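Protein chains in written order, with my numbering: chain A, 1 to 551; chain B, 1001 to 1239.
Ideal Cβ placement from N, Cα and C applies to all residues, glycine included.
None of these values were measured; they are calculated from a predicted model.
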């Protein structure tokens, strides 16, 4: 494969696309697929063939974002239809058929795209999502796919690639926000005959589905990011650690790897150069802690998925003791556009310390649940009320939870804060991988804290004592509070345990497990007080019969 | 990593001490008569850094570092016994006691138990967290040894000695979080284990009365660890 050959594939595909006047794109990512969007696609296909409409074809694409209104169908002309059922195929096609053009589209199918939900977004990671067929490499190539890899291989030295990433200011999208360029240069400089690149696709936060959507909608973009990374740090072997609960993502990744290998974009002597990379999948068996990098490495090595103490960091001694680069799916997905358009372009988006865009999975009590990509620095208020469309049924906003079980709950007062790594950390939460759960007055914050502690307790690997026993003890106290059986002494003990577990646990899971409790204790202390002193739940969620005292 | 012979000087609790670069803070502290409590660590075995008792404060680092895994660095300033650390250690020992059923008065290791003596050293007079009282099993299927999970603290010394010294890897950990247990083979009765050589090393390194020899009654189990430094020394000499 040479740059010219790549261009030929792109030209051929673009020519084939231009022959088709209208393309009907049906979302076949997990969200819409669970509402039977595959049947919608078949129905549209059958209807077109039956009517014999020319220049019109149907294809399956990735996520379009507005998951709340799925199954979604869009056209290459920019129209969008929501909540499409197989029986609606006729009504959708009426808008194309020259003979029936005067028929009006039923209102419930019409999905306006001039709303803040679509207009406030800026898509870099998701630029191909909802547009290309994730199972065809040609479509990815037609949208400049693999051109960044070509550029990195033929026009740039590894140092220049790393310099470009450093200039972009990209930071790890997995949660901690470590500067990506710095990580790459550390691995590049680390001594070791065999280096590895790993993609962390073990997305486990409750309510988060960013990585899943990227993998299901545009898998080649992740492969290209990994290829560029491997070329920059000097790795010849790579693994994508993806959780087994994502069968569709796994299927599409496997297809993508096969297609890239067939075109000589992956494997030995890529594009005729001396650079080789072999990529393989490893499926996680459902342990949340395996998203922690050292536990993930242990799991790939075939050992029990438990973290180990750092240093040494994986960049120095990781998989099989070799220098290992671990990045998150979204981080890799940002790499190709940065190389194509330059680090300075990327650094121009976002805030001073948090550059670029971030994908968020908006869930909970908002009208527009779904996947959104926004520039860093947008306020939480805009996220919830403009993009999210506000709280349904006229209820009152109460809190927004960011960062999953490691994050915190932010109250109304924090809504005008810009979304960036530092400000979120200062407010007592974290950026995390991008889960954003909105809660209204019907949620009890103690119950929410108990839910997240239950999650951390169950997902603790059991290696270190503070996390193994500490999360159990905290969960016991939180359960007692929601059962109205706790005393003020319990609350003091809870605060003591929060401090202990946060500062003495071995890995990030334990160190951040108390965050939901600490943040709710800070912002919603009155709710804890009402439970303990007045034996009542202001939100009406908890009761004496809610759940037994047993953990 | 770093070459041996590379000597560093650092401050340990305000005292200037010297160390080889491959020595850990814990080793240096022991050489200088500074007590740092430990549980999962045992000289001669790898350290998992899991009990978190040996955490120390290192100036310039926001995080507490496990002394058993942190290597000496030039100019390091380490505090091993601040009020905060002492407080954390006491709470961790408390958590050990609440996790399973540690009843000293009926235990074979009473008087010879590392958990018991650790509790005394950290000044634990009472446990203020509530006990769990789990219903744990006793495995007496082996001909010579008994595993009483009520007294296990999951230090994984048995797992490591069996894997690293004996080479049998009979023991391992199963389950997650508070449900974790040490198991023999694929969670089969110890007596039915095909890989167990019956060497008893696991019994001797166990800090509590969780693994003990049959025929021992209350306070009669004395652990004999002489083999571990001996084997380590002999194997190091051979390399």
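**Study point:** Test item: CB-CB of residue 1124 of chain B and residue 1090 of chain B under 8 angstroms
**Key:** By 1-based counting over the second chain, the position of residue 1124 of chain B is 124. By 1-based counting over the second chain, the position of residue 1090 of chain B is 90. It is a contact, given that the beta carbons lie within the stated cut-off.
Check your understanding: What are the residues that DSSP puts in a beta bridge with residue 1149 of chain B?
Key -> As a working note, residue 1149 of chain B is residue 149 in the second chain. Answer by DSSP bridge pairing: none, since residue 1149 of chain B is not bridged.
Exercise for review: Report the three-state DSSP secondary structure of residue 273 of chain A (helix, strand or coil).
Suggested key: For the purposes of this step, residue 273 of chain A is identified with residue 273 of the first chain, where counting begins at 1. Here residue 273 of chain A sits in coil by DSSP.
Review point. Over what stretch of residues does the alpha helix (DSSP H) that includes residue 1117 of chain B continue unbroken?
Key: Taking the first residue of the second chain as 1, we reach residue 1117 of chain B at position 117. Per DSSP, residue 1117 of chain B belongs to the alpha helix (DSSP H) from 1114-1121.
Exercise for review: Report yes or no: do three or more beta-carbon pairs, one from the stretch 191-205 of chain A and one from the stretch 223-230 of chain A, lie closer than 8 angstroms?
Suggested key: yes
**Study point:** 8 angstroms Cβ shell around residue 1144 of chain B - same chain, five flanking residues per side excluded
**Key:** Walking along the second chain from the start, residue 1144 of chain B turns up at place 144. The residues are 1198, 1200, 1213 and 1214.
**Study point:** For residue 4 of chain A, the three-state DSSP class (helix, strand or coil)
**Key:** As a first step, residue 4 of chain A must be located in the first chain, where it is residue number 4. Of the three classes helix, strand and coil, the one that applies to residue 4 of chain A here is helix, per DSSP.
Point to revise | Inter-residue CB distance, residue 188 of chain A and residue 232 of chain A (contact presumed, cutoff 8 angstroms) | key: Against the first chain, residue 188 of chain A aligns to sequence position 188. Against the first chain, residue 232 of chain A aligns to sequence position 232. Yes, they are in contact, since the Cβ atoms of residue 188 of chain A and residue 232 of chain A sit about 6 angstroms apart, within 8 angstroms.
Exercise for review: Please list, in chain order, all residues of the same chain as residue 377 of chain A whose beta carbon is under 8 angstroms from its beta carbon, the five residues on each side excluded.
Suggested key: The residue you call residue 377 of chain A lines up with position 377 of the first chain. These residues qualify, in order along the chain: 350, 351, 354, 418, 419 and 420.
Check your understanding: Per DSSP, which one or two residues make a beta bridge with residue 397 of chain A?
Key -> Your numbering for residue 397 of chain A matches position 397 in the first chain. Residue 397 of chain A pairs with A:440.
**Study point:** Simplified DSSP assignment, three categories, for residue 379 of chain A
**Key:** In the first chain, counting from the first residue as 1, residue 379 of chain A sits at position 379. Residue 379 of chain A falls in the strand class under three-state DSSP.
Check your understanding: In terms of alpha-carbon separation, which member of A:517, A:261, A:383 and A:47 lies closest to residue 91 of chain A?
Key -> Walking along the first chain from the start, residue 91 of chain A turns up at place 91. Taking only the C-alpha atoms, the option nearest residue 91 of chain A is A:47.
Review point. For residue 344 of chain A, which of helix, strand or coil comes out of DSSP?
Key: Mapped onto the first chain, residue 344 of chain A falls at position 344. Correct three-state label for residue 344 of chain A: helix.
Practice item. Taking 8 angstroms as the cut-off, decide whether the C-beta atoms of residue 283 of chain A and residue 266 of chain A are in contact. Key: If you number the first chain from 1, residue 283 of chain A lands on position 283. If you number the first chain from 1, residue 266 of chain A lands on position 266. No; because the gap between Cβ atoms is not below 8 angstroms, this pair is not in contact.
Check your understanding: In the structure shown, what three-state DSSP assignment does residue 1088 of chain B receive?
Key -> Numbered from its first residue, the second chain carries residue 1088 of chain B at position 88. Correct three-state label for residue 1088 of chain B: helix.
Practice item. May I ask you to list, following chain order, the residues of the stretch 429-463 of chain A that have a beta carbon less than 9 angstroms from some beta carbon of chain B? Key: 456, 457, 458, 459, 460, 461, 462 and 463
Exercise for review: Please say whether residue 428 of chain A and residue 216 of chain A have beta carbons closer to each other than 8 angstroms?
Suggested key: For the purposes of this step, residue 216 of chain A is identified with residue 216 of the first chain, where counting begins at 1. For the purposes of this step, residue 428 of chain A is identified with residue 428 of the first chain, where counting begins at 1. No, they are not a contact pair.
Exercise for review: Starting from residue 493 of chain A, find everything on chain B with Cβ-Cβ shorter than 8 angstroms and list it in chain order.
Suggested key: Walking along the first chain from the start, residue 493 of chain A turns up at place 493. Neighbours of residue 493 of chain A on chain B, chain order: 1128 and 1129.
Practice item. For residue 89 of chain A, collect the residues of the same chain with a Cβ closer than 6 angstroms to its Cβ; drop the 5 residues on either side in sequence, then sort them by chain order. Key: Locating residue 89 of chain A in the first chain gives position 89, where the first residue counts as 1. Once the five neighbours on either side are set aside, the close Cβ partners of residue 89 of chain A are 43, 44 and 47.
Review point. For residue 1007 of chain B, which of helix, strand or coil comes out of DSSP?
Key: Translated into positions along the second chain, residue 1007 of chain B becomes position 7. DSSP places residue 1007 of chain B in strand when its eight states are reduced to three.
Check your understanding: Taking Cβ positions only, does residue 1002 of chain B come closer than 8 angstroms to chain A?
Key -> Against the second chain, residue 1002 of chain B aligns to sequence position 2. Confidence is the limiting factor: at residue 1002 of chain B the pLDDT is only 45, short of 50, which leaves the residue's position unreliable, though a coordinate-based value still follows. False, the Cβ-Cβ gap to chain A never drops below 8 angstroms.
**Study point:** Contact under 8 angstroms by Cβ, residue 1034 of chain B with residue 1018 of chain B
**Key:** Position 34 of the second chain, counting from 1, holds the residue named residue 1034 of chain B. Position 18 of the second chain, counting from 1, holds the residue named residue 1018 of chain B. The answer is no: Cβ separation not under 8 angstroms.
Practice item. Please report how far the alpha carbon of residue 54 of chain A lies from the alpha carbon of residue 21 of chain A, in whole angstroms. Key: Working through the first chain from its first residue, we reach residue 54 of chain A at position 54. Working through the first chain from its first residue, we reach residue 21 of chain A at position 21. Near 8 angstroms, if we compare the C-alpha coordinates of residue 21 of chain A and residue 54 of chain A.
Check your understanding: Can you list the residues of chain A that residue 1088 of chain B reaches, using a CB-CB cut of under 9 angstroms?
Key -> Here residue 1088 of chain B refers to the residue found at position 88 of the second chain. Ordered by position in chain A, the residues that pass the 9 angstroms Cβ test against residue 1088 of chain B are 466, 499, 500, 503 and 504.
Practice item. Just tell me which of A:181, A:79 and A:439 has its CA closest to the CA of residue 64 of chain A. Key: Along the first chain, one-based indexing puts residue 64 of chain A at 64. Nearest C-alpha to residue 64 of chain A: A:79.
Exercise for review: Quick one: residues in its chain with C-beta nearer than 7 angstroms to the C-beta of residue 1170 of chain B, no 5 flanking neighbours on either side, listed in chain order?
Suggested key: One-based indexing of the second chain puts residue 1170 of chain B at position 170. Cβ neighbours of residue 1170 of chain B beyond the five flanking positions: 1162, 1184, 1185, 1193, 1195 and 1196.
Review point. How about residue 124 of chain A and residue 356 of chain A: do their beta carbons lie closer than 8 angstroms?
Key: By one-based count along the first chain, residue 124 of chain A stands at place 124. By one-based count along the first chain, residue 356 of chain A stands at place 356. Yes, the Cβ-Cβ distance between residue 124 of chain A and residue 356 of chain A is below 8 angstroms.
Review point. Is the CB-CB distance between residue 1158 of chain B and residue 1205 of chain B below 8 angstroms?
Key: If you number the second chain from 1, residue 1158 of chain B lands on position 158. If you number the second chain from 1, residue 1205 of chain B lands on position 205. Their beta carbons are under 8 angstroms apart, which means residue 1158 of chain B touches residue 1205 of chain B by this criterion.
Exercise for review: Using alpha carbons as the reference points, say which of A:108, A:148 and A:295 lies closest to residue 553 of chain A.
Suggested key: With chain A represented from 1 up to 551, any question about residue 553 of chain A goes unanswered, as that position is not in the structure.
Review point. Within 8 angstroms (strictly less), CB to CB, does residue 382 of chain A reach chain B?
Key: On the first chain, residue 382 of chain A is found 382 positions in, with the first residue counted as 1. False, the Cβ-Cβ gap to chain B never drops below 8 angstroms.
Point to revise | Span separating the alpha-carbon of residue 103 of chain A from that of residue 290 of chain A | key: Sequence index remark: in the first chain, residue 103 of chain A carries index 103 (1-based). Sequence index remark: in the first chain, residue 290 of chain A carries index 290 (1-based). Their backbone Cα atoms lie some 54 angstroms apart in a straight line.
Check your understanding: Rounded to a whole number of angstroms, what is the C-alpha to C-alpha distance between residue 1179 of chain B and residue 465 of chain A?
Key -> Here residue 1179 of chain B refers to the residue found at position 179 when the second chain is read from its first residue. Here residue 465 of chain A refers to the residue found at position 465 when the first chain is read from its first residue. Spanning the two alpha carbons is a distance of roughly 12 angstroms.
Practice item. Look up residue 417 of chain A in the DSSP assignment and give the residues it is bridged to. Key: Counted from its first residue, the first chain places residue 417 of chain A at position 417. Residue 417 of chain A pairs with nothing; no bridge assigned.
Practice item. Could you say which of A:362, A:242, A:257 and A:154 lies nearest to residue 275 of chain A if we only look at CA atoms? Key: Working through the first chain from its first residue, we reach residue 275 of chain A at position 275. Among A:362, A:242, A:257 and A:154, the Cα nearest to that of residue 275 of chain A is on A:154.
Point to revise | Of the residues A:403, A:413 and A:365, the one placed nearest residue 390 of chain A, counting alpha carbons only | key: Translated into the one-based positions of the first chain, residue 390 of chain A becomes position 390. Minimum Cα distance to residue 390 of chain A is reached at A:365.
Review point. Whole-angstrom Cβ separation of residue 208 of chain A and residue 435 of chain A, contact assumed at under 8 angstroms?
Key: Taking the first residue of the first chain as position 1, residue 208 of chain A is located at position 208. Taking the first residue of the first chain as position 1, residue 435 of chain A is located at position 435. With 8 angstroms as the limit, residue 208 of chain A and residue 435 of chain A qualify as a contact, their Cβ atoms being about 3 angstroms apart.
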